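Structure first, commentary second.
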Amino acid sequence: MSTLSKPGKGPVVNKPRIPLGKRIHRDFQMNWRLYLLFLPVLAYFIVFKYAPMAGLVISFQDYKAAKGIMGSKWVDLKHFINFFNDPYLPRLLRNTFTIALSTLLFSFPSAIVLALLINELRSRKMSRVVQTISYIPHFISVVVVCGIIRDLVSRTGGVTMLLHSIFGMPVTNMLYEPNYFVPIYIVSDIWSNIGWNSIVYLSALTAIDQELYEAARVDGANKWHQIIHITIPCLVPTIVIMFILKVGKMFDVGYEKIMLLYTPLTYERADVINTYVYRRGFAENVNFSYSTAVGFFNSVVCFVLVFFTNKITRRLGGNSLW
Amino acid sequence: MSSVTKPNEKKAIRIPLGERIFYAADDLLMILLCVLILIPLIHVVAGSFSDGASYMAHSGLLLWPLKPTLAAYESVIANQNIWTGYRNTLFIVIVGTSLDMLFSLVAAYVLSRKKYMLKKFFNLMVVFSMYFSGGMIPFFIVVKGVGLYKSIWALILPSLINVFNLVIVRTAMTGVPDSLEESAQLDGAGHLTILFRIITPLILPSVAVVALYYAVSHWNSWFNAMLFIKDRKYYPLQLILREILILSDTDEGFMMSETIQFATIVVATIPILCVYPFIQRYFVKGIMVGAVKG
């Protein structure tokens, strides 16, 4: 990042003609204390981040815990081929995609809209109150949120009753109805995160030069024009970056919440790749290698998604992560 | 609060009708939103003070307790599991957050230094791990392999560094002027002195935010505990909550009245909600940095 930003300051960086061996030697002599300091951090990353990546090799094996990675039999692409022929695959892909896309369509813009609305509040006090209240749900644990959801959408729950009296919807436990699953997931997701996710847009909004608005007003622009032609264009860079991050996490749908909410009755709509990885790893029909292969597939898809979204947005507008 | 207020415009400018409607609608919408956000919480609190039998007979949202009583709280306080869970969670939050901060500060310090050869490599290594991971099973095998299975340390050591948080601290450190560090070096200060005596005090807001993030994530996490903790003695609070709130619906063995469930929610959530207003004013800063430089 900033390594080369100040030429003339770094004697080591600035003389690339010294042979490599000598440079390494000199670097180590100057910085060995720094490297020593980093050693525990390096160890952490190797053990808990990179060793699991290396552990992905078990997806090419019939892994047996007793035999370990070294002793287990290699089976090439068997698990991947099985996964592509898995009768559940279409369902998993469809659900993962539906939930991911719904989040992108509803949760993601909701925070932007909230930020715009808070930004237009005239009372400073009111905007502070709205912010404080809307951040609260973010701090409530997913277990508790799911506990509350379970109560609200049960047969006698508040939401069930409300929907019944307003739209005449049948009185049932909504969590046992596959078709309600995604709406419940999305609405509760918005409840949890709308305030928190709006923070980043709010701070981008405060950075907008107020003179722009004054100039626009002098030119006769009304509120609507100002929002369309000043506020939103100024937000675009932030939106793009958040969008990339979001797309990257897209296939990583919130499986913790799904696991707390779904039942075999709703697997049809609720089961996603990550929950399937968990079940095949720990709960039913356990097979570590198969589960790892499914997870591996998911990780690769995620990585490719971030990579390409980043490439595309960079080409389009110059905002990118790297 | 640093955020979002617009200076009150000069009164001389007349506000057109359209804009006045816009502002009124905006106020109204925001009030509505706050109500929608608060209603489930009010329902939970009201339910926790309600009489168990009356709640069972009732349907719909509560805004006020039915036959107010403290009975639910008495059962929660009498529930030994909750206190063991509390103790375990407190241990994880305090020890975990301290270690997280230590590791993150050291890592961010090294990553933000200049003039050493492996800088690019280290940064790449850290950032890559944010976008690609080994997934659930290999992670499980590694944690088990290093002997943390069934140990409470499995909830602390494998999650020492969250790269997103690390990036927030690193960016804050990059903003500290070099001259401070250089003059300290001339005085013979070592890396640790520079890091903890000079840089850390200067970036305290970011440090506070990141510490809050770590603490909240330890307080709220349950998934790893479910994977690694088998002995009920070491169950963190969230795992106990899961039994009370989630499994009680489906499994007769955990059956528990709803008012008690609500009281448990209140008892388990109040501490974290008490901390957050104090750090709230730093949020904007912390999040902004993390998002933009991520």
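First to last, the protein sequences are chains A and B. Take the first sequence: its position 110, counting from 1, is numbered 110 in my numbering, and each next residue is one higher. Take the second sequence: its position 199, counting from 1, is numbered 1199 in my numbering, and each next residue is one higher. From the three backbone atoms N, C-alpha and C, an ideal C-beta is built for every residue, glycine too. Nothing here was measured: the structure is a model prediction, and the numbers come from that model.
Endpoints, alpha helix (DSSP H) assigned at residue i
{"i": "A/Tyr278", "result": "Ile273 to Tyr278"}
{"i": "B/Asp1187", "result": "Per DSSP, B/Asp1187 belongs to no alpha helix (DSSP H) and is neither H nor E."}
{"i": "B/Val1210", "result": "Leu1204 to Asn1220"}
{"i": "B/Gly1096", "result": "Gln1080 to Ser1112"}
{"i": "A/Ser165", "result": "Gly158 to Phe167"}
{"i": "A/Gly147", "result": "Val142 to Leu152"}
{"i": "A/Arg91", "result": "Leu89 to Ser102"}
{"i": "A/Asn43", "result": "According to the sequence displayed, residue 43 of chain A carries Ala and not Asn. That run of the alpha helix (DSSP H) goes Leu20 to Phe45."}
{"i": "B/Met1256", "result": "Counting along the chain, B/Met1256 falls outside any alpha helix (DSSP H), and DSSP gives it neither H nor E."}
{"i": "B/Leu1155", "result": "Neither: B/Leu1155 is in no alpha helix (DSSP H) and is coded neither H nor E."}
{"i": "A/Lys257", "result": "Tyr255 to Leu261"}
{"i": "B/Lys1115", "result": "Careful: B/Lys1115 lies outside any alpha helix (DSSP H) and carries neither H nor E."}
{"i": "B/Gly1145", "result": "Met1136 to Gly1145"}
{"i": "B/Phe1223", "result": "Phe1223 to Phe1228"}
{"i": "A/Ser134", "result": "Arg124 to Tyr135"}
{"i": "A/Val283", "result": "The sequence shown places Ala at residue 283 of chain A, rather than the Val named in the question. No alpha helix (DSSP H) holds A/Ala283; DSSP gives it neither H nor E."}
Nearest candidate by alpha-carbon position, reference residue i, set the options
{"i": "B/Ala1107", "options": "B/Val1216, B/Glu1243, B/Phe1196 and B/Pro1177", "result": "B/Phe1196"}
{"i": "A/Lys324", "options": "B/Asn1123, B/Phe1223 and B/Leu1157", "result": "Lying outside 1 to 322, the shown extent of chain A, residue 324 of chain A is not represented and no answer is given."}
{"i": "B/Val1216", "options": "B/Ile1198, B/Ile1272 and B/Gln1080", "result": "B/Ile1272"}
{"i": "B/Pro1236", "options": "B/Lys1114, B/Gly1135, B/Thr1264 and B/Ala1225", "result": "B/Ala1225"}
{"i": "B/Leu1204", "options": "B/Leu1155, B/Leu1105 and B/Phe1262", "result": "B/Leu1105"}
{"i": "A/Leu92", "options": "A/Glu177, A/Val236, A/Leu42 and A/Phe251", "result": "A/Phe251"}
{"i": "B/Ile1279", "options": "B/Tyr1234, B/Asn1220, B/Ser1206 and B/Ile1161", "result": "B/Ser1206"}
{"i": "A/Ala347", "options": "A/Phe84, A/Trp196 and A/Glu214", "result": "Residue 347 of chain A lies beyond the stretch modelled for chain A, which goes from 1 to 322, so this question has no answer here."}
{"i": "B/Leu1202", "options": "B/Gly1188, B/Ala1211 and B/Leu1180", "result": "B/Leu1180"}
{"i": "B/Phe1228", "options": "B/Ile1168, B/Gln1261, B/Ile1156 and B/Ile1198", "result": "B/Ile1156"}
{"i": "A/Leu260", "options": "B/Phe1262, B/Pro1277, B/Ile1244 and B/Met1101", "result": "B/Ile1244"}
{"i": "A/Leu36", "options": "B/Ala1154, B/Tyr1234, B/Leu1118 and B/Trp1153", "result": "B/Leu1118"}
{"i": "A/Lys363", "options": "A/Asn274, A/Ser102 and A/Tyr135", "result": "As displayed, chain A neither begins before 1 nor continues past 322, which places residue 363 of chain A out of reach and without an answer."}
{"i": "B/Ser1059", "options": "A/Ile99, A/Lys64, A/Met242 and A/Thr172", "result": "A/Thr172"}
{"i": "B/Ser1183", "options": "B/Met1101, B/Ile1194, B/Gly1175 and B/Ile1077", "result": "B/Ile1194"}
{"i": "A/Glu177", "options": "A/Pro264, A/Glu211, A/Asn222 and A/Leu202", "result": "A/Pro264"}
{"i": "B/Val1143", "options": "B/Ser1133, B/Ala1154, B/Gly1134 and B/Gly1135", "result": "B/Ala1154"}
{"i": "A/Ile24", "options": "B/Leu1063, B/Ser1054, B/Ile1094 and B/Lys1115", "result": "B/Lys1115"}
{"i": "A/Leu117", "options": "B/Gly1085, B/Leu1111, B/Cys1034 and B/Glu1258", "result": "B/Cys1034"}
Reduced DSSP category for residue i - H, G, I as helix; E, B as strand; rest coil
{"i": "B/Asp1178", "result": "helix"}
{"i": "B/Trp1064", "result": "coil"}
{"i": "A/Lys350", "result": "Residue 350 of chain A lies beyond the range of chain A shown here (1 to 322); nothing can be said about it."}
{"i": "A/Lys73", "result": "strand"}
{"i": "A/Asp219", "result": "coil"}
{"i": "A/Asp62", "result": "strand"}
{"i": "A/Ser110", "result": "helix"}
{"i": "B/Leu1195", "result": "helix"}
{"i": "A/Ile81", "result": "helix"}
{"i": "B/Pro1016", "result": "coil"}
{"i": "B/His1058", "result": "coil"}
{"i": "A/Val171", "result": "coil"}
{"i": "A/Thr206", "result": "helix"}
{"i": "B/Pro1236", "result": "coil"}
{"i": "B/Thr1171", "result": "helix"}
{"i": "B/Thr1200", "result": "helix"}
{"i": "A/Glu177", "result": "coil"}
{"i": "A/Lys67", "result": "coil"}
{"i": "A/Lys6", "result": "Here A/Lys6 scores only 45 on pLDDT, less than 50, and its place in the model should not be relied on; the value that follows carries that caveat. In this structure, A/Lys6 counts as coil in the three-state DSSP scheme."}
{"i": "B/Asp1231", "result": "coil"}
{"i": "B/Leu1148", "result": "coil"}
Proximal chain B residues relative to residue i, where beta-carbon distance stays under 8 angstroms
{"i": "A/Asn85", "result": "Going along chain B, no residue has its Cβ under 8 angstroms from A/Asn85, so there is no contact; the nearest lies around 20 angstroms."}
{"i": "A/Glu177", "result": "Result: empty, since nearest Cβ-Cβ is about 15 angstroms, beyond 8 angstroms."}
{"i": "A/Cys278", "result": "The amino acid occupying residue 278 of chain A in the given sequence is Tyr; Cys does not appear at that position. The answer, in chain order, is Met1136."}
Cross-chain neighbours of residue i in chain A, by beta carbon under 7 angstroms
{"i": "B/Gln1261", "result": "Gly147"}
Listed by chain order, chain B residues near residue i by CB distance under 7 angstroms
{"i": "A/Gly105", "result": "The amino acid at residue 105 of chain A is misidentified as Gly; the sequence shows Leu. Under the 7 angstroms cutoff, chain B gives no residues; its nearest Cβ is about 19 angstroms from A/Leu105."}
{"i": "A/Ser110", "result": "Within chain B, no residue comes near A/Ser110; the closest Cβ sits about 10 angstroms away, beyond 7 angstroms."}
{"i": "A/Tyr44", "result": "Phe1103, Leu1160 and Ile1161"}
{"i": "A/Gly55", "result": "Gly1134, Pro1138, Ile1141 and Val1142"}
Interface residues of chain A facing residue i [CB-CB closer than 8 angstroms]
{"i": "B/Ala1107", "result": "Phe38 and Val41"}
Contact list for residue i against chain B, beta-carbon separation under 9 angstroms
{"i": "A/Leu89", "result": "Going along chain B, no residue has its Cβ under 9 angstroms from A/Leu89, so there is no contact; the nearest lies around 17 angstroms."}
{"i": "A/Ile24", "result": "Met1117"}
Near the ligand GTP: residue i beta-carbon under 6 angstroms from a heavy atom
{"i": "B/Ile1240", "result": "Here there are no bound small molecules, and the ligand GTP is not part of this structure."}
Legend entry - Near-chain B residues of the region 159-170 of chain A (beta-carbon distance less than 9 angstroms), N- to C-terminal order: Cβ contacts with chain B: Val159, Thr160, Met161, Leu162 and Ser165.
Legend entry - Selection of the region 1197-1219 of chain B by Cβ proximity to chain D, strictly under 8 angstroms: Although the question refers to chain D, the structure presented lacks it and instead comprises the protein chains A and B.
Legend entry - the region 117-141 of chain A: positions lying closer than 9 angstroms to chain B by Cβ: Contacts with chain B (Cβ-Cβ distance below 9 angstroms) from the region 117-141 of chain A involve Leu117, Ile118, Asn119, Glu120, Leu121, Arg122, Ser123, Arg124, Met126, Ser127, Arg128, Val129, Val130, Gln131, Thr132, Ile133, Ser134, Tyr135, Ile136, Pro137, His138, Phe139, Ile140 and Ser141, listed in chain order.
Legend entry - Interface residues of the region 1155-1168 of chain B facing chain A [CB-CB below 7 angstroms]: For the region 1155-1168 of chain B, the residues whose beta carbon sits under 7 angstroms from a beta carbon of chain A are, in order, Pro1158, Leu1160 and Ile1161.
Inset, instruction - Check each residue of the region 1011-1043 of chain B: if its Cβ is closer than 9 angstroms to any Cβ of chain A, include it; give the result in chain order. - result: Taking 9 angstroms as the Cβ-Cβ cut-off against chain A, the residues of the region 1011-1043 of chain B that qualify are Ile1013, Pro1016, Gly1018, Glu1019, Phe1022, Tyr1023, Asp1026, Asp1027, Leu1029, Met1030, Ile1031, Leu1033, Cys1034, Leu1036, Ile1037, Leu1038, Ile1039, Pro1040, Leu1041 and His1043.
Inset, instruction - With 9 angstroms as the C-beta to C-beta threshold (strictly closer), list the residues of the region 295-310 of chain A near chain B in chain order. - result: Taking 9 angstroms as the Cβ-Cβ cut-off against chain B, the residues of the region 295-310 of chain A that qualify are Gly295, Phe296, Asn298, Ser299, Val300, Cys302, Phe303, Val306 and Phe307.
Inset, instruction - Determine which residues of the region 1057-1068 of chain B have a Cβ less than 7 angstroms from any Cβ of chain A, and write them out in chain order. - result: Within the region 1057-1068 of chain B, the residues whose Cβ lies closer than 7 angstroms to some Cβ of chain A are Ser1059, Gly1060 and Leu1061, listed in chain order.
Legend entry - Members of the region 1262-1276 of chain B that neighbour chain A once the beta carbon cut-off is set at 7 angstroms: Residues passing the 7 angstroms Cβ filter: Ile1265, Ala1268, Thr1269, Ile1272, Leu1273 and Tyr1276.
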